[in-house]
Structure formats: C-alpha cells, structure tokens
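One structure below.
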Ligand SMILES: Nc1ncnc2c1ncn2[C@@H]1O[C@H](COP(=O)(O)OP(=O)(O)O)[C@@H](O)[C@H]1O
Ligand SMILES: [Mg+2]
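As structure tokens, then:
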C-alpha cells in the first residue's frame with residue numbers, strides 16, 4: 026500500500042482478519058487486510074453492503090478484536106490489548122462517528138459531548154468548557170440543552186462528531202456518517218470533516234457514497250472482506266475545473 | 016381475521032424466541048408472584064379468624080358453664096383456690112336451671128369432667144378429661160383432625176395438647192396409672208387450647224393449678240367418671256347456645272352473680288386465644304402480610320419493568336402499519352402466555368410449599384385437613400396473572416397510542432425533565448457516579464419502582480429479624496414451668512419461621528434480581544454507547560450500580576421502621592423486640608451490597624462481548 | 051453553448067460586455083473560468099449583425115447593448131425550446147466492445163482507469179461545490195455535475211460487473 030512516505034503511518038494493519046461463526050457458517054468479514062494510514066491522511070473505504078467495511082472500522086477503533094493479524098496505532102500494538110486497554114484506546118485515541126448517531130437518549134447534547142471527557146477523568150468544569158467549545162464549532166451552541174430526540178438527524182450527527190472530538194483523538198473513524206442524512210445535512214457534515222482534515226486530524230470514513238468518498242485523499246474499494254482497488258485522489262491536479270467541465274460559448 | 020391472528024401468534028413466538036432471557040425473567044417473576052400469592056392465601060386460612068373458623072365447624076358454645084362450690088365472679092382468673100365441695104346433686108341442679116334460662120336456645124351436656132394426671136412419652140401432666148358419648152353433640156362437637164371420635168376404651172386428645180406432648184393416634188397414654196389408647200385428635204372452641212385450657216375451667220379442687228399447664232382430652236363418660244378421686248372429685252361441663260351470641264358476656268355476668276356457677280363466654284376464649292397466640296402464629300400473620308406486600312411489589316416490577324422497551328416495540332409495530340388493536344392484542348397475547356405459564360408454576364410450587372408453613376398444628380382448625388390450595392385460591396392466582404398480563408400490555412399500548420409513532424419509537428414520550436438537584440450534585444462526583452446519577456435522574460419511574468421494591472425487601476428482612484429477636488429473647492410461655500420435656504417434633508415454631516424466612520428472603524431476592532435486570536437491560540443502549548466511547552467495564556458497572564443504589568438507600572432505611580411497625584401491628588399491640596443494631600446494619604449493608612453485586616453481573620456479562628452488540632441490538 | 055445564452059442575459063437590462071461577463075461568472079462560478087472575454091465579444095457582435103441586439107450608447111463605461119424586438123422574440127422562443135444534451139456514453143461503450151473483441155486490452159482495466167478519472171473529477175467538483183457559499187447560483191450547477199458524475203460512476207460499476215461476468219463465462 027502506498028503511503029505518504031514522509032510521515033510515519035498512524036495506523037498499520039498486517040494480515041488483519043476477522044471471522045464470525047464457525048464451520049459451515051464461517052464468515053470472513055475482514056480477510057487478510059494490509060493497510061497503512063498516514064498521520065493527517067483522510068482515507069475512504071467503499072464497497073457494497075456486507076463487504077466488511079464496518080467490521081474493519083470496528084477493528085481499527087478497538088470496538089472489536091481481530092481473529093488474526095497485527096494492528097498498530099501510533100506505533101503501539103493494539104490487537105492484543107485487554108478489554109481495559111481497549112476501553113482506554115476508544116476513550117483517548119479514537120473518535121467514533123456512527124451512522125445511527127448512538128447518542129445517549131437520556132442525556133442532553135451538552136452532556137453527551139461531555140461524556141468522553143468525564144470518562145477520561147477530566148474535571149466536570151473542564152469537560153463542560155470543552156463541550157461548549159465543540160458544540161460551538163459544530164454550530165449547535167444554541168441546542169446544548171436539548172435532548173437528542175429534539176434534534177434533527179443532521180444536528181444529532183454534528184453532536185456525535187463533537188462528542189468524537191471531546192478527547193482530542195488523533196484518529197476519527199466514521200461509519201456511514203451521512204447514511205441517515207439528507208443532502209443539506211450531508212453537506213454540513215462534509216464541511217465539518219473537511220475542517221477536521223485541514224486541522225491535521227487523521228480520518229477514516231466508510232461510505233458507499235462516492236461523493237463522500239472522494240473528499241478523502243485516498244479511496245480503497247473492498248469486496249468480500251478484502252481490498253480490491255486503491256485510488257489516490259490527490260494525485261495529479263486536474264487543473265482548473267473549467268478545463269474539465271468548461272463552459273464555453275460557441276465561437 | 017385469520018391472517019391477523021396468525022400474524023399475532025407469529026409475532027409473539029418471534030418475540031419470545033428473540034428475547035429468551037426477558038421471557039424467562041418475566042416467567043420467573045410471575046411464578047414468584049403467584050407462589051407468593053398462593054402461600055399468602057394458604058396462610059390466610061390459618062390466620063384469618065382461626066377461632067371463628069373453629070367455632071363454626073365445631074358448633075362452638077356461646078357459654079360454657081361449670082359448677083363451683085362457692086359463688087364466683089366471672090372473669091379469666093379465679094382469685095384463689097376454693098376449699099371443700101358442694102354435694103353433687105346441688106351442682107347439677109344449678110346447671111339444669113341454666114339450661115332453662117332466658118336466651119338459651121340449645122345446649123349439650125352437662126358432661127362429667129375429671130382431672131387425672133396423664134403420663135406419656137416420659138412426661139407427666141395434668142389433664143382435663145371430659146366424658147363424651149359417641150353421638151354427635153348439638154353444641155361443641157369437637158372437630159376430629161386425625162383418627163376417630165371417642166370410642167369405648169379410647170381417648171381423643173385436643174390437638175395443641177397432643178402436639179406439645181408429641182402424641183399421635185395409636186399411642187398409649189396413662190391416666191392415673193391406667194393405660195388408654197389414643198384414638199383421635201380433635202379441636203374445640205369451647206375452651207382455650209393448651210396450655211391455657213385451665214383458664215376456661217372452674218377448677219376449685221386443686222390448689223396451685225394456675226402454675227401448671229393443662230390440656231384437654233375427651234373420653235367416654237364411664238371412664239371420665241372412673242377417673243374422679245376423693246381429693247379431686249368429679250365436675251361437670253355444660254355448653255350453651257344463646258339466641259344472640261353477642262349477648263354471651265352479659266349472660267355470663269348476669270348468671271355468675273346468682274349461682275354457684277363458673278361461666279365462660281366465647282368472647283373470653285377468643286381473647287385468650289388471640290392474646291396468647293403462639294409466636295409462630297404471629298409469625299405467620301406477619302408472614303402473610305409480607306407475602307402480600309411482596310406480591311404487590313413484584314407485580315409493580317413486572318408491569319413497570321421494561322416499559323420503555325415495550326413502548327418502543329409498540330411504536331415499531333405501529334410504524335409498520337399495525338392498528339392499535341392488533342398491537343395491544345399482540346402484547347396481551349405475549350404476556351398472557353407468560354403469565355399463565357408462570358401462574359401454573361407458581362401454583363405448583365405453592366401447592367408443595369403451603370403445607371410446610373401453613374400447618375402450624377395449633378389448637379384450631381386452620382387449613383389442616385383441607386387441601387393446601389383451594390379452587391378459590393387457584394381462581395385468585397390465575398386472575399392475578401391475567402391482570403398482570405393485561406396491565407403489562409395495556410400501559411404501553413395506551414402510552415404508545417397517546418404518543419405519536421415516531422416518539423414512541425424514540426421513546427421520547429417521556430422527555431425527562433432536568434432534575435436540577437441530582438444533576439447539579441452530580442458535577443462534584445466521580446465520573447461513574449455521575450453517569451449513574453444522570454441515568455437515574457432521567458428515569459424517575461424506575462427509581463420509584465426500585466425504591467418500593469427495596470423498601471418491601473428491607474421491611475421483610477427487618478420483620479423476620481424482629482420475630483427472631485422476640486423469639487430468642489422471651490418465649491411467651493417459659494417452658495420450665497411446664498415441667499415437660501420439649502419434644503423436638505413439636506417445636507415446629509422454629510421450623511415454620513425458618514421456612515417462612517427462607518421463602519420471604521428468596522422472593523425478595525427474586526424481586527431484587529428482576530429490578531436490577533430490568534434496569535440494566537433498559538440501560539443497555541446508553542451503557543453500550545458509554546463503552547464505545549471508552550468507558551471501562553468497571554465504570555459502566557459502577558454507573559449501573561449507582562443508578563440502582565440511589566433509590567435503594569432510602570428504601571433500605573425506610574424498611575427498618577416499616578418492618579417494626581408491621582410486627583407491632585400484627586402483634587396486636589404487644590411489645591416489639593427491636594433486633595440488635597448489628598443485625599440491622601448487616602441487613603442494610605447486605606441488601607445494598609447485594610444490589611451492587613447483582614447490577615455488576617449484567618455489566619460484566621455485557622463487557623465480555625464487544626460493545627457493538629449493544630449498539631447494534633438497538634437497531635434491530 | 052449557444053449565443054442565445056448571451057441574448058437571454060441581456061433581457062434583464064441593457065448591459066456592457068464586461069457586465070455580461072460578470073453575470074456569467076456569477077452564475078457559472080468556477081466553471082466559467084475557461085471562458086474568455088473574447089468569446090463574449092465575438093458573440094455580441096454576431097448577435098448585433100443578426101439584428102437581435104442594438105448598441106444603445108457608447109458612454110464612459112463602454113458599449114451598452116440592448117435587445118431589439120426581434121431579439122426579444124428570439125429569447126422567448128429559446129426559453130420554450132425543450133432541448134437537452136445527449137448523454138455521450140456510446141463512445142466509451144464502443145471502446146470496451148472493440149477492446150474485448152479485438153483482444154486489444156482488458157475492458158475491466160479500461161473501466162477502472164475511467165473510474166479513477168471520474169472519481170478524481172468528482173473530488174474536484176465536490177470540493178468546488180462545498181466551497182460555494184450557501185444559496186449560490188453556481189453551487190446548484192456544481193451539484194448537477196456531481197450528480198451526473200455519480201450516475202456515470204454507477205454506470206461504470208455496471209460495466210465492470212457485466213464485463214467481469216462475460217469474461218468468466
Ligand atoms: N456480529 C456478527 N456476527 C456474524 N456475522 C457478522 C457480524 N457482524 C458482521 N457480520 C458479517 O460480516 C460481514 C461484514 O459485515 P459488515 O462489516 O457490517 O459489512 P458492511 O459494513 O460493509 O456492510 C457481513 O457478511 C456480515 O453478515
Ligand atoms: Mg456497515
């Protein structure tokens with residue numbers, strides 16, 4: 026896999042495999058995947074439903090353990106971490122954004138965003154301040170006291186993104202982050218990701234929407250648990266848009 | 016219609032298959048509730064007006080009269096033993112007059128009564144031997160619980176007396192040196208049971224009788240007469256039925272003044288009975304009250320538990336186009352299936368357990384001889400189960416019908432209000448406590464449910480402790496006075512209390528488990544989210560424990576005075592022995608630790624699976 | 051684009067060449083970059099010759115053009131015309147067919163290369179669309195191109211599937 030050679034890769038996977046079931050019903054959701062993600066890179070993973078995208082993402086974020094293979098995050102091997110170690114990893118090093126938002130229904134937007142910081146042992150005051158900032162960043166400071174049920178899908182996802190950033194993770198993993206959103210909300214979320222990317226965060230986004238995928242620097246296609254294709258999207262400038270889709274008058 | 020019925024059944028089957036644990040826990044909870052109710056009903060047979068029951072069955076007399084040698088005043092106590100004796104004819108004449116007194120509508124006797132010393136199983140005790148014929152008496156026909164009624168050459172022993180002496184049908188007893196077979200055991204409402212039989216007997220011949228425990232036996236008239244001695248001559252006992260039983264006390268007062276008679280009203284016998292109620296009977300009374308309370312608490316837990324989940328399911332069904340009727344029907348069917356199964360299990364368990372605790376062997380009819388669970392009991396239990404199912408289905412249906420489908424899906428019908436105090440207090444606490452507090456603050460109903468359940472549990476345990484403390488501290492009848500070796504078989508007081516304690520504590524534990532389980536299942540999604548965000552297993556389980564312990568603490572504390580109050584109420588105002596502080600503290604801490612430990616189990620089980628499962632289960 | 055575009059833009063008010071150019075840029079955003087001023091002026095003089103527009107005055111700002119009655123008729127007519135660019139997929143399609151029949155190359159490889167190209171283009175347009183402020187006219191045009199590219203990518207997926215099946219048979 027080609028990477029941005031100058032920077033040490035943040036994520037490294039070697040022969041990563043995840044199996045479900047056994048015998049006849051064995052499913053290789055992720056099948057011998059090698060992957061490197063450079064720090065600061067934005068990577069998109071595409072593929073048909075059921076090809077193992079979510080599973081891969083869950084492995085990268087310590088939500089699940091691989092059946093085989095090695096996995097490093099920031100130079101630390103994480104595939105054999107204890108449950109406690111994984112919890113710490115999810116808390117401090119990774120931010121997760123889900124298609125279904127997964128906000129806590131009984132907590133307000135503000136409290137949802139505070140949660141990871143509090144779990145990490147920050148003082149309530151510091152957590153509150155950080156949550157305010159983040160909600161401000163995602164443009165929801167006026168909705169801080171609302172429960173998720175009182176927010177629109179796009180707003181919920183923005184709260185979830187703010188929450189993912191609460192502990193200033195190096196890596197943000199997003200699983201179909203716009204799958205439940207309309208086009209306007211999708212654009213809002215995309216803009217947020219763009220900001221994160223330019224601020225130097227490493228992003229891995231799973232999607233089946235080409236438009237979202239192409240916001241990344243690199244696009245990987247998956248089929249049946251394996252990588253089948255890779256496209257570097259930043260390679261070779263296309264020149265001014267006009268040259269491609271140029272509008273010209275008949276002369 | 017057929018299609019819809021099929022659909023309903025299919026949905027119910029799928030739901031039960033998909034949530035086997037929920038189904039199992041609901042089943043266990045309903046089984047426990049119905050067991051509780053079955054036992055409670057069985058106990059009512061013993062504790063509900065036991066004297067009245069016995070009086071009705073035995074055609075108990077309204078007034079019992081015996082001749083005395085000198086006029087006495089009526090009352091429970093004869094102030095001093097009387098010396099000398101009047102001629103026999105005089106005595107009977109006085110009784111004959113009484114039969115024709117105003118207000119008397121029926122009578123039996125006078126029966127000859129003698130006072131032999133009875134020897135059995137190595138103990139020696141004074142007996143009151145009443146001579147009876149084998150014919151049925153119109154008034155006071157003792158109810159035979161074992162064996163037969165008096166036959167030539169045999170004796171029948173009053174049940175409490177027999178129990179204390181450890182005598183069974185077929186044993187032999189010695190009366191003033193002569194051996195007699197025991198042919199039966201019976202109960203009566205005419206005189207108080209052992210050891211207070213003597214308080215209902217005009218016993219003017221033996222001094223110091225009051226310091227002795229006395230029991231009643233029945234035999235044939237010739238034998239009773241033959242047991243009289245010059246020093247302890249024959250006496251008589253006459254049973255009267257009045258036109259107005261409520262006037263018995265007045266009747267006694269009127270006739271005691273004018274005749275050389277000793278009279279006793281049925282009210283007096285009842286008073287002795289209840290005042291001297293044996294400690295285990297009191298235990299049973301408290302026990303049955305507690306069983307009822309526990310049944311109510313379990314019911315609340317079943318109906319209120321997982322309400323959120325059920326409401327969401329109603330929303331889901333509505334979202335796919337099910338009519339409110341169908342939704343309610345499906346839910347009802349599901350809970351009815353579980354409730355009836357649970358009721359069956361509960362009745363079966365109750366059937367086997369009831370005789371263990373509801374057969375006190377007291378001097379009253381109680382439930383002995385009757386089946387432990389009557390058809391009426393079965394009816395009540397099934398009705399309760401159906402009511403539980405109905406309520407468990409009805410509340411979420413109504414709630415979901417009132418709210419829009421979308422908010423039912425999100426279960427945001429109950430947008431939790433900010434509980435300022437709790438949420439504010441939370442900001443100064445460690446994170447896991449904070450997590451728990453916030454979960455708790457947003458689920459006020461669940462908190463109340465937990466509070467009630469824990470209060471009942473603690474009340475139960477405190478009452479049991481109080482009874483035991485009372486038992487061990489002061490037995491109401493100092494056994495040394497009887498000079499009777501205590502037969503281990505007859506000491507069923509402790510056995511009954513033990514069984515009752517075990518049953519109550521077991522049911523309390525089932526209750527605690529159900530409430531903990533329901534809370535943790537309802538919190539599965541938020542806790543799964545917390546884990547995905549990096550909460551450790553310990554943080555999650557501490558959060559869950561906190562959410563449960565907050566309402567448990569006041570519950571435990573409230574349980575102490577409530578338990579003591581209950582014992583006091585059941586004890587008809589007699590004094591209550593407060594269990595030692597050490598025991599109370601142990602009970603408090605034990606319950607809290609138990610709930611803490613219980614709540615950590617689901618969190619730990621959950622922790623062994625990736626947090627994804629909890630998140631994904633939300634979607635399906 | 052036909053000259054009628056310039057004609058129609060004049061319908062709002064008489065304008066100079068540079069004013070027209072600015073309005074074109076506003077509506078086209080980054081897509082108007084390829085257009086040069088010369089194209090606008092060539093079209094204007096051609097329209098003037100055809101009698102659709104007339105020079106009003108020649109003030110300090112430059113020549114101001116306005117629609118003639120004939121020009122107004124032409125604009126009205128143009129607005130009611132129902133025309134749509136033909137989707138030009140046949141060429142690529144034939145490329146695949148030819149490559150496969152003559153065994154000149156792997157159709158799937160061709161599809162892949164094409165897909166990569168389209169993805170990169172999509173990235174460019176997508177970024178441009180995101181950069182547009184909300185409610186901009188050019189944003190809508192970019193959105194349209196994004197959607198077409200996505201449709202093309204979907205067709206490429208279908209091609210890949212079909213040619214893979216054919217090869218495996
Ligand atoms: N918990 C699980 N148990 C069994 N099989 C699973 C589980 N999770 C995912 N799978 C299977 O693994 C494969 C990949 O799933 P997933 O990663 O969710 O795909 P995607 O996100 O690309 O749609 C699918 O075939 C799915 O059925
Ligand atoms: Mg997925």
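Protein chains in written order, with my numbering: chain A, 26 to 276; chain B, 16 to 635; chain C, 51 to 219. Heads up, the beta-carbon is just placed ideally off N, CA and C, and yes, glycines get one too.
A distance of 9 Å or more separates the beta carbons of residue 42 (chain A) and residue 75 (chain A).
In the structure shown, residue 83 (chain A) falls within a helical segment according to DSSP collapsed to helix, strand and coil.
Not a single heavy atom of ligand 1 lies less than 8 Å from the C-beta of residue 199 (chain A).
For ligand 2, a non-hydrogen atom lies closer than 8 Å to the CB of residue 79 (chain A).
Put simply, the backbone Cα of residue 170 (chain A) is about 15 Å away from that of residue 163 (chain A). Between residue 57 (chain A) and the set A:68, A:33, A:44, A:66, the nearest pair of CA atoms involves A:44.
Per the coordinates, the alpha-carbon of residue 92 (chain C) lies some 11 Å from the alpha-carbon of residue 56 (chain C).
DSSP places residue 56 (chain A) inside the beta strand (DSSP E), whose first and last residues are 52-63. The beta carbon of residue 579 (chain B) sits closer than 7 Å to those of 477, 481, 591, 593, all from its chain and outside the five residues before and after it, given in chain order. Straight-line spacing of the CA atoms in residue 226 (chain A) and residue 142 (chain A) works out to 18 Å.
Between the alpha carbons of residue 147 (chain B) and residue 235 (chain B) lies a gap of roughly 5 Å. Judged by DSSP in its simplified three-state form, residue 134 (chain C) adopts coil rather than helix or strand.
Contact between residue 59 (chain C) and residue 73 (chain C) holds, with the beta-carbon distance rounding to 6 Å and staying under 8 Å. Between the alpha carbons of residue 145 (chain B) and residue 159 (chain B) lies a distance of about 15 Å. The three-state reading of DSSP puts residue 209 (chain B) in coil, since its state is none of H, G, I, E or B. Secondary structure at residue 77 (chain A): coil, using DSSP grouped into helix, strand and coil. Taking the beta carbon of residue 115 (chain A) as reference, the chain B residues within 7 Å of it are 547, 548, 549, listed in sequence order. At a Cβ-Cβ threshold of 9 Å, residue 76 (chain C) and residue 139 (chain C) do not count as neighbours. The closest heavy atom of ligand 1 lies 8 Å or more from the beta carbon of residue 47 (chain A).
Ligand 2 has no heavy atom closer than 8 Å to the beta-carbon of residue 164 (chain C).
At least one heavy atom of ligand 1 sits closer than 8 Å to the Cβ of residue 74 (chain A). Separation of the CB atoms of residue 129 (chain B) and residue 239 (chain B) is rounded to 5 Å, and the pair is thereby assigned contact status at 8 Å. In this structure, DSSP gives residue 254 (chain A) an extended state, which the three-state scheme calls strand. Residues of chain C whose Cβ lies closer than 9 Å to the Cβ of residue 200 (chain A) do not exist; the shortest such Cβ separation is about 20 Å. At a threshold of 8 Å, residue 135 (chain A) does not count as near ligand 2, since its beta carbon sits no closer than that to any of the ligand's heavy atoms. Shown here, residue 247 (chain A) sits in a strand according to DSSP, grouped into three states. Each residue's CA atom was taken as its position, placing residue 72 (chain B) and residue 200 (chain B) some 15 Å apart. Within its own chain, the residues whose Cβ lies closer than 7 Å to the Cβ of residue 354 (chain B), once the five positions on either side in sequence are excluded, are 45, 400, 401, 403, 404, listed in chain order.
Contact annotation, residue 562 (chain B) with residue 468 (chain B): C-beta distance approximately 14 Å; criterion of less than 8 Å not satisfied. Pairing residue 616 (chain B) with residue 569 (chain B), the inter-Cα distance amounts to about 23 Å. Residue 114 (chain C) places its beta carbon less than 9 Å from that of residue 64 (chain C).
Residue pairing for residue 122 (chain B): DSSP places it in a beta bridge opposite B:255. Straight-line measurement puts the Cα of residue 180 (chain C) at about 39 Å from the Cα of residue 98 (chain C). Look at residue 231 (chain A): its beta carbon is less than 8 Å from one of the heavy atoms in ligand 2. Using a Cβ distance threshold of 9 Å, residue 189 (chain A) and residue 230 (chain A) do not count as a contacting pair.
From the beta-carbon of residue 239 (chain A), the residues of chain C found nearer than 7 Å are 169, 172, 173, 176.
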